[in-house]
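Student: In the numbering used here, the protein residues as written are 2 to 524. To start, I am sharing the structure in question, which I have written as structure tokens.
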């Protein structure tokens with residue numbers, strides 16, 4: 002009863018609790034990192050078991066406090082070092098903590114996934130508990146000796162140790178959530194443990210570093226990390242204010258950029274492709290590599306992400322460019338219009354485009370005209386899909402799925418037709434504008450061969466095959482000219498020619514030129 006009325010006893014109790022917590026910060030760090038290696042359902046059990054066993058061990062040390070003085074008596078002495086039992090314990094504990102910190106650092110640096118290890122057995126659980134007890138015993142020596150030196154009251158010492166251990170249980174649970182939130186925090190904690198272990202080893206050798214230096218270093222490191230976490234949190238808050246589409250775009254672009262950087266550091270399997278100019282009008286690379294992302298794929302992904310930013314006016318065919326059929330015209334005029342249009346479906350109107358009746362297939366329309374049937378009655382069976390020009394592109398894609406003729410008419414709020422959209426118009430936004438019908442790549446690059454036109458220039462081919470084309474006539478501009486000049490004749494289709502480790506298989510030739518060639522490397 003006297004204890005509860007003594008202010009000095011209360012002051013001593015709170016001071017001792019505070020000092021016990023300060024002295025056991027490193028212990029909390031170690032316990033948090035060790036328990037992290039266990040399965041989720043065993044972590045709390047390991048922490049509680051280890052700390053409770055350590056608590057009883059501290060009780061024992063406090064009860065035999067008078068014997069702790071003997072731990073400082075020298076038992077090994079030479080001209081270099083003097084070792085007592087306490088210093089031997091600190092040396093062994095320091096070496097153990099040093100090695101453990103090094104191994105944990107290596108595992109975290111290598112990004113080892115502990116879930117992939119078979120660490121869910123009882124032996125591993127008790128092994129973690131054993132490590133917690135051993136390290137806590139090592140850290141307990143200083144704290145118990147400090148308690149004995151400060152207060153000559155066993156009840157106060159046991160109360161302080163008990164309360165501080167209970168607080169450690171709660172602090173370790175909060176601390177493990179904190180260090181699991183960021184990988185660099187784990188690295189920082191392990192680095193601090195490494196520094197503490199070195200301090201234990203140095204102290205056991207008789208070289209004392211003031212504790213203030215150690216705790217100042219730890220405090221400064223935690224302060225720097227706190228500033229980093231505040232900075233990261235502010236960045237996250239700032240990014241949370243961005244539009245969702247922009248956030249998705251940034252994540253995808255970061256993945257693409259990281260993948261491309263990693264691929265650039267790897268050795269390329271086909272060195273023949275390194276010197277290929279970026280000219281899509283000449284080259285068509287037909288190789289498939291699942292480990293790399295080509296620029297065309299990046300462009301497609303980028304365009305898909307930008308779809309929502311486009312207005313309907315950006316992609317629709319304007320009203321003045323729409324080809325439509327006026328049913329007031331005679332059948333010959335309508336037939337001539339249909340036969341001269343490249344489209345498979347056309348709007349049917351009366352006098353003007355705003356008076357649209359339907360959207361019909363040109364093939365069916367020709368049959369109706371040939372059978373001299375009523376076009377109006379035929380067109381009303383295929384009513385058009387008309388939407389306002391305020392609908393976004395994403396919804397238009399959904400509507401195009403239900404359009405039988407793959408065509409949507411765009412009108413304004415007054416009902417005036419403004420334009421027309423087809424699936425191909427949206428497709429152009431994603432893959433780019435289509436090339437003209439006369440486009441043919443000069444070189445098609447396959448995995449094991451090259452398909453080239455006879456008119457391919459030698460300079461372009463040199464960059465792929467990495468060879469020089471030497472002939473008696475230096476005026477040869479194309480591969481066809483070179484082969485004809487080299488072998489003094491126009492080879493027939495199916496002929497195979499050999500030059501500098503390459504086979505030139507003539508796929509197609511005429512009586513006066515070589516049209517198509519397949520080139521393969523001699524193995």
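Idealized CB from N, CA, C, for every residue including glycine.
1) Could you check the C-alpha separation between residue 175 and residue 125 for me, to the nearest Å?
2) Pick from 355, 91, 38 and 158: whose alpha carbon is nearest that of residue 108?
3) Contact defined as beta carbons within less than 8 Å: I believe residue 479 pairs with residue 455. What is the distance between those atoms, to the nearest angstrom?
4) Give the list of continuous beta strand (DSSP E) stretches no shorter than 3 residues that lie fully inside the region 436-502.
5) Report yes if the CB atom of residue 169 is closer than 8 Å to the CB atom of residue 29, and no otherwise.
6) Run through DSSP, which three-state label would residue 220 get?
7) Would you mind working out which of 510, 503, 501 and 502 sits nearest residue 490, comparing C-alpha positions?
8) By the 10 Å Cβ neighbour count, where 16 or more other Cβ atoms means buried, how is residue 420 classified, buried or exposed?
9) So which of 341, 493 and 210 has the shortest CA-CA distance to residue 505?
10) Just mark residue 158 as buried or exposed, buried being the case when its beta carbon has 16 or more other beta carbons within 10 Å.
11) What does the Cβ neighbour count give for residue 78, buried or exposed, with the cut at 16 atoms within 10 Å?
12) To the nearest angstrom, report how far apart residue 519 and residue 432 are at their CA atoms.
13) Tell me whether residue 174 sits in a helix, a strand or coil according to DSSP, three-state version.
14) CA-CA distance, residue 132 and residue 85?
15) Is the beta carbon of residue 302 sitting closer than 8 Å to the one on residue 249?
16) Which class does residue 403 belong to by DSSP, given the choice of helix, strand or coil?
17) DSSP state of residue 506, grouped into three classes?
18) Name the DSSP beta bridge partners of residue 350, please?
19) How should residue 101 be labelled, buried or exposed, when 16 other C-beta atoms within 10 angstroms of its C-beta is the threshold for buried?
20) Spatial neighbours of residue 318 within its chain, please: CB distance less than 8 Å, with the 5 preceding and 5 following residues excluded, ordered by chain position.
21) How many Å lie between residue 321 and residue 353 at the Cα?
22) Which one of 203, 48, 309 and 198 has the shortest CA to CA distance from residue 397?
23) Beta-carbon separation of residue 361 and residue 383 under 8 Å?
24) Using the C-alpha atoms, what's the distance from residue 333 back to residue 297?
25) Write down the C-beta distance between residue 198 and residue 82 rounded to the nearest angstrom, noting that I regard them as a contact closer than 8 Å.
26) With a cut-off of 8 Å on the beta carbons, I'd call residue 525 and residue 328 a contact; round off their distance for me.
27) Might you give, ordered along the chain, the residues of its own chain that have their beta carbon closer than 8 Å to the beta carbon of residue 335, omitting 5 neighbours on each side?
28) Tell me the residue span of the alpha helix (DSSP H) that contains residue 368.
29) Could you tell me whether the Cβ atoms of residue 63 and residue 155 are closer together than 8 Å?
30) Please return the same chain residues whose Cβ sits closer than 6 Å to the Cβ of residue 601, not counting the five positions on each side in sequence.
31) Who are the Cβ neighbours of residue 523 in its own chain at under 7 Å, not counting the five residues just before and after it?
32) Hey, would you say residue 129 sits closer than 8 Å to residue 47, going by beta carbons?
33) For residue 9, name the three-state secondary structure that DSSP assigns.
34) Cβ of residue 94 within 8 Å of Cβ of residue 65?
35) Identify, in the order they occur along the chain, each residue of the same chain with its Cβ nearer than 7 Å to the Cβ of residue 189, setting aside the five sequence neighbours on each side.
36) Measuring CA to CA, which of 312, 192, 453 and 233 is closest to residue 395?
Tutor: So, from the data block:
1) 23 Å
2) Out of 355, 91, 38 and 158, 38 has the C-alpha closest to the C-alpha of residue 108.
3) 6 Å
4) Complete beta strand (DSSP E) runs here, min 3: 444-446, 450-454 and 497-500.
5) yes
6) helix
7) 510
8) buried
9) 493
10) buried
11) Its Cβ having fewer than 16 others within 10 Å, residue 78 is exposed.
12) Their backbone Cα atoms lie some 29 Å apart in a straight line.
13) For residue 174, the secondary structure class from DSSP, reduced to helix, strand or coil, is helix.
14) 23 Å
15) no
16) coil
17) strand
18) Residue 350 is bridged to 327 and 357.
19) buried
20) Within the same chain, and ignoring the five residues on either side of residue 318 in sequence, the residues whose Cβ sits closer than 8 Å to its Cβ are 420, 421, 422, 423 and 426.
21) 12 Å
22) 309
23) yes
24) One alpha carbon belongs to residue 297, the other to residue 333, and they sit about 46 Å apart.
25) Contact between residue 198 and residue 82 is absent: CB atoms are separated by about 18 Å, not below the 8 Å threshold.
26) Limits of the chain in this structure are 2 at one end and 524 at the other, which puts residue 525 out of reach.
27) 326, 327, 328, 366, 370 and 376
28) 363-371
29) yes
30) Past the boundaries of the shown model lies residue 601; the chain is included only from 2 to 524, so the question cannot be answered.
31) 502, 503 and 504
32) yes
33) Helix.
34) no
35) 222 and 226
36) 312
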